[in-house]
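Asks: Dropping a structure here in structure tokens format, bear with me for questions.
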Amino acid sequence: MNKELVEALSILESEKEISKETLFKAIEESLLIACKNHFGKADNVKVEIDRETGDFLCYAEKTVVESADEVEDDLEQIVLEDAVKVTKKAKVGDVIKVEIKSKEFGRIAIQIAKNVILQKIREEERNVIYNQFNDKEKTVVTGIVQRYVGKNISINLGKADALLNESEQVSTERFKATERIKVYIVEVKNTPKGPRILVSRTHPELVKKLFESEVAEIQDGTVEIKSIAREAGSRTKMAVWSNNPNVDPVGACVGMNGARVNSIVDELKGEKIDIVCWDDNPGNLIQNALSPAKIVAVFADPEEKTAKVVVPDYQLSLAIGKEGQNARLAARLTGYKIDIKSETQAKDAPGFRYEDYADEWDDEDEEGYEGEYEIEEENVNE
Numbered sequence: 142m143n144k145e146l147v148e149a150l151s152i153l154e155s156e157k158e159i160s161k162e163t164l165f166k167a168i169e170e171s172l173l174i175a176c177k178n179h180f181g182k183a184d185n186v187k188v189e190i191d192r193e194t195g196d197f198l199c200y201a202e203k204t205v206v207e208s209a210d211e212v213e214d215d216l217e218q219i220v221l222e223d224a225v226k227v228t229k230k231a232k233v234g235d236v237i238k239v240e241i242k243s244k245e246f247g248r249i250a251i252q253i254a255k256n257v258i259l260q261k262i263r264e265e266e267r268n269v270i271y272n273q274f275n276d277k278e279k280t281v282v283t284g285i286v287q288r289y290v291g292k293n294i295s296i297n298l299g300k301a302d303a304l305l306n307e308s309e310q311v312s313t314e315r316f317k318a319t320e321r322i323k324v325y326i327v328e329v330k331n332t333p334k335g336p337r338i339l340v341s342r343t344h345p346e347l348v349k350k351l352f353e354s355e356v357a358e359i360q361d362g363t364v365e366i367k368s369i370a371r372e373a374g375s376r377t378k379m380a381v382w383s384n385n386p387n388v389d390p391v392g393a394c395v396g397m398n399g400a401r402v403n404s405i406v407d408e409l410k411g412e413k414i415d416i417v418c419w420d421d422n423p424g425n426l427i428q429n430a431l432s433p434a435k436i437v438a439v440f441a442d443p444e445e446k447t448a449k450v451v452v453p454d455y456q457l458s459l460a461i462g463k464e465g466q467n468a469r470l471a472a473r474l475t476g477y478k479i480d481i482k483s484e485t486q487a488k489d490a491p492g493f494r495y496e497d498y499a500d501e502w503d504d505e506d507e508e509g510y511e512g513e514y515e516i517e518e519e520n521v522n523e
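Below is the structure:
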């Protein structure tokens, strides 16, 4: 071993991000294994490598005995006559270091040592990749579409490949090889074959992280994303809040002429995004969440997490949305089970008197209302 080896290890350290010390230890371990395969054991064998020059010394610690008749094991004992050739100060009973020439090792022992080094390099490379992507778990990264593996997609993330399972794909999206896409890292598993990285295009956190990277006000903490509900490929509702009264949270997320939100919509292949203001008043929050529908009144029960919503007759279908989507997303966004009725349906409900609540709804400081009537759930409930 020499300086060329040290340079080679430095290159490996730079390219594979495997520490040189780990590689030195792997070489020491391989030499010990070679000794064990050659001599049958290596309990008293030591290997030392100079980290600067790459020179190494492989030696056995042997006990000095008087004569050859006392030698029971050549690897552990040495006669005095031979010991003084190693060190002139040797005497019976001393333990001295006797160098073992690697040239003495057999071909099989050398091959095994080589395999040990290569195996260690592979293991360390896998560990480096695992640690790198484990730190990126629950974040968004950019990858390159490689190929379809059955109904799953292999995504190249640089030093590792990720798997986009069919269940994590948006049904309306189709990708071509070499296409660059953003994915959310759901989980990183360390397996014997290397790290297994699972990514998603349907996770609600994908939208959230995209806004965090796009909107400066979210990055600096001025604007917070309080809640998000998503039906991947179709629509997302997001409630935002500003810690600065001079900053409009919705406007910050939309951007000048819609630039910010449009870049995210483009990344999501045209998925619609509704951004509404968060409100601690559950009635106001539910009203905002059901946007763009106009609301006449909301009767919310914070304890039961249920709400009854009254809308104009002509707004009923808009409030519910296509196949109930608008109401369903609003329910997920707010955490309330929402029952929507038109004014006609509500007025026909037993015990309901709209005039008792119409004026109160104009007061934005109200903490919400607890319904004093029961309506059969025939629309959308969450």
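Counting from 1, position 167 in the sequence shown corresponds to residue 308 in the numbering used here; the numbering is continuous, with no gaps. Cβ coordinates follow ideal geometry from the N, Cα and C atoms, glycine included.
1) Going by DSSP, which residues form a beta bridge with W382?
2) If you follow the beta strand (DSSP E) that R342 is in, where does it begin and where does it stop?
3) Can you say whether V388 is buried or exposed, counting buried as having 16 or more other CB atoms within 10 angstroms of its CB?
4) Please report how far the alpha carbon of N385 lies from the alpha carbon of T363, in whole angstroms.
5) What's the C-alpha gap between Q310 and L298?
6) By Cβ distance below 6 Å, which residues in the same chain neighbour T475 in space, the five residues on each side in sequence not counted?
7) For L347 versus S354, is the C-beta distance shorter than 8 Å?
8) Just the C-alpha distance for D302 and L339, rounded to the nearest angstrom, thanks.
9) When burial is assigned at 16 or more other CB atoms within 10 Å of the CB, is S368 buried or exposed?
10) Are T319 and V286 touching if we call contact CB-CB under 8 Å?
11) In terms of residues, what are the limits of the alpha helix (DSSP H) holding L459?
12) L198: buried (16+ other C-beta within 10 angstroms of its C-beta) or exposed?
13) Counting only the same chain and skipping the five closest in sequence on each side, list residues whose C-beta sits under 7 Å from that of S295.
14) Find the nearest neighbour of V324 within the set K334, V281, L216, judged by alpha-carbon distance.
15) Using three-state DSSP, classify F207 as helix, strand or coil.
16) Please classify L216: does DSSP put it in a helix, a strand, or coil?
17) What residues are listed by DSSP as bridge partners for L304?
18) With a cut-off of 8 Å on the beta carbons, I'd call K435 and Y477 a contact; round off their distance for me.
19) Distance check for T194 and K161, CA to CA, integer angstroms please.
20) Compare the C-alpha of A209 against each of L221, E202, R263, I152 and name the closest.
21) Could one say the Cβ of D454 lies closer than 8 Å to chain D's Cβ atoms, at least one of them?
22) Roughly how many angstroms lie between the CA atoms of W502 and Q360, to the nearest whole one?
23) Can you name the start and end residues of the beta strand (DSSP E) that T332 belongs to?
24) Let me check one thing: in DSSP terms, what residues is R376 bridge-paired to?
25) For S312, I'd like the list of residues in its chain whose CB is within less than 7 Å of its CB, leaving aside the five on either flank, ordered along the chain.
26) For Y289, which of helix, strand or coil comes out of DSSP?
27) For L431, name the three-state secondary structure that DSSP assigns.
28) Looking at C-beta atoms only, is the number of pairs between the region 177-187 and the region 199-218 that lie closer than 8 Å three or more?
29) For Y498 and K449, what's the separation of their Cα atoms in angstroms?
30) Tell whether a beta-carbon distance below 8 Å holds between A441 and P453.
31) Grab me the residues of E169's own chain with a C-beta within less than 7 Å of its C-beta, minus the 5 sequence neighbours each way, in chain order.
32) If I'm right that L459 touches I405 with Cβ under 8 Å, what's the distance once you round it to whole angstroms?
Replies: Working from what's here:
1) The residue given as residue 382 occupies position 241 in the sequence shown. Paired residues: E365.
2) Counting from 1 along the sequence shown, the entry for residue 342 is found at position 201. Per DSSP, R342 is not a residue of any beta strand (DSSP E), being assigned neither H nor E.
3) Here residue 388 refers to the residue found at position 247 when the sequence shown is read from its first residue. By the neighbour-count rule (16 or more Cβ atoms within 10 Å), V388 is not buried but exposed.
4) Start at 1 with the first residue of the sequence shown, and residue 385 comes out as number 244. Start at 1 with the first residue of the sequence shown, and residue 363 comes out as number 222. In a straight line, the C-alpha of N385 is about 6 Å away from that of T363.
5) Along the sequence shown, one-based indexing puts residue 310 at 169. Along the sequence shown, one-based indexing puts residue 298 at 157. Roughly 17 Å between the two C-alpha positions.
6) Here residue 475 is taken as the residue at index 334 of the sequence shown, counted from 1. Excluding five sequence positions before and after T475, the CB atoms of its chain that fall closer than 6 Å to its own CB belong to L426, I427, A430, given in chain order.
7) Position 206 of the sequence shown, counted from the first residue, corresponds to residue 347. Position 213 of the sequence shown, counted from the first residue, corresponds to residue 354. No, they are not a contact pair.
8) Taking the first residue of the sequence shown as 1, we reach residue 302 at position 161. Taking the first residue of the sequence shown as 1, we reach residue 339 at position 198. Each residue's alpha carbon lies about 9 Å from the other.
9) Locating residue 368 in the sequence shown gives position 227, where the first residue counts as 1. It is buried - the Cβ of S368 has at least 16 other Cβ atoms within 10 Å.
10) As a working note, residue 319 is residue 178 in the sequence shown. As a working note, residue 286 is residue 145 in the sequence shown. Contact flag set, yes.
11) Taking the first residue of the sequence shown as position 1, residue 459 is located at position 318. Element bounds for L459: 457-461.
12) Residue numbering aside, residue 198 sits at position 57 when the sequence shown is read from its first letter. With fewer than 16 Cβ atoms within 10 Å of its Cβ, L198 is classed as exposed.
13) Counting from one through the sequence shown, the residue named residue 295 turns up at place 154. If we look at S295 and ignore the five residues flanking it on each side, its Cβ neighbours are Q287, R288, D302, L304.
14) Residue numbering aside, residue 324 sits at position 183 when the sequence shown is read from its first letter. Answer by Cα proximity: V281.
15) Your numbering for residue 207 matches position 66 in the sequence shown. Here residue 207 is Glu; the residue named in the question, Phe, does not match the sequence. E207 carries a coil assignment under DSSP once its states are collapsed to helix, strand and coil.
16) Walking along the sequence shown from the start, residue 216 turns up at place 75. Looking at L216 - three-state DSSP - the assignment turns out to be coil, as it is neither helix nor strand.
17) Walking along the sequence shown from the start, residue 304 turns up at place 163. Residue pairing by DSSP places L304 opposite S295, L339 in a beta bridge.
18) Translated into the one-based positions of the sequence shown, residue 435 becomes position 294. Translated into the one-based positions of the sequence shown, residue 477 becomes position 336. 19 Å between Cβ atoms; not a contact.
19) Here the question's residue 161 lines up with position 20 in the sequence shown. Here the question's residue 194 lines up with position 53 in the sequence shown. Looking at the two C-alpha atoms, the distance is approximately 13 Å.
20) To locate residue 209, count along the sequence shown from 1; it is residue 68. The option with the nearest alpha carbon to A209 is L221.
21) In summary, chain D is missing from the structure at hand, where a single protein chain is found.
22) Stepping through the sequence shown from its first residue, residue 502 is reached at position 361. Stepping through the sequence shown from its first residue, residue 360 is reached at position 219. Note that W502 scores a pLDDT of 42, beneath 50, so its modelled location is shaky; the value from the coordinates is reported in the next line. Those two C-alpha atoms are separated by around 35 Å.
23) As a first step, residue 332 must be located in the sequence shown, where it is residue number 191. 321-332 is the span of the beta strand (DSSP E), which, as asked, contains T332.
24) Reading the sequence shown from its first residue, position 235 is the one you call residue 376. Answer by DSSP bridge pairing, in chain order: E372, K413.
25) By one-based count along the sequence shown, residue 312 stands at place 171. Within the same chain, S312 has close Cβ partners G374.
26) Residue mapping note: residue 289 aligns to position 148 of the sequence shown, counting from 1. Strand.
27) The count along the sequence shown starts at 1 and reaches residue 431 at position 290. In this structure, L431 counts as coil in the three-state DSSP scheme.
28) Yes, since at least three Cβ pairs between the region 177-187 and the region 199-218 fall closer than 8 Å, the two stretches touch.
29) On the sequence shown, position 357 is the one that residue 498 refers to. On the sequence shown, position 308 is the one that residue 449 refers to. Its pLDDT being 47, under 50, Y498 is placed unreliably by the model, and the measurement read from it follows with that caveat. Straight-line Cα distance between these residues: approximately 13 Å.
30) Within the sequence shown, the letter at position 300 stands for residue 441. Within the sequence shown, the letter at position 312 stands for residue 453. Not a contact, by the Cβ cut-off of 8 Å.
31) Working through the sequence shown from its first residue, we reach residue 169 at position 28. Contacts found: V188, I190.
32) Sequence index remark: in the sequence shown, residue 459 carries index 318 (1-based). Sequence index remark: in the sequence shown, residue 405 carries index 264 (1-based). Contact doesn't hold; Cβ gap of about 24 Å is too wide.
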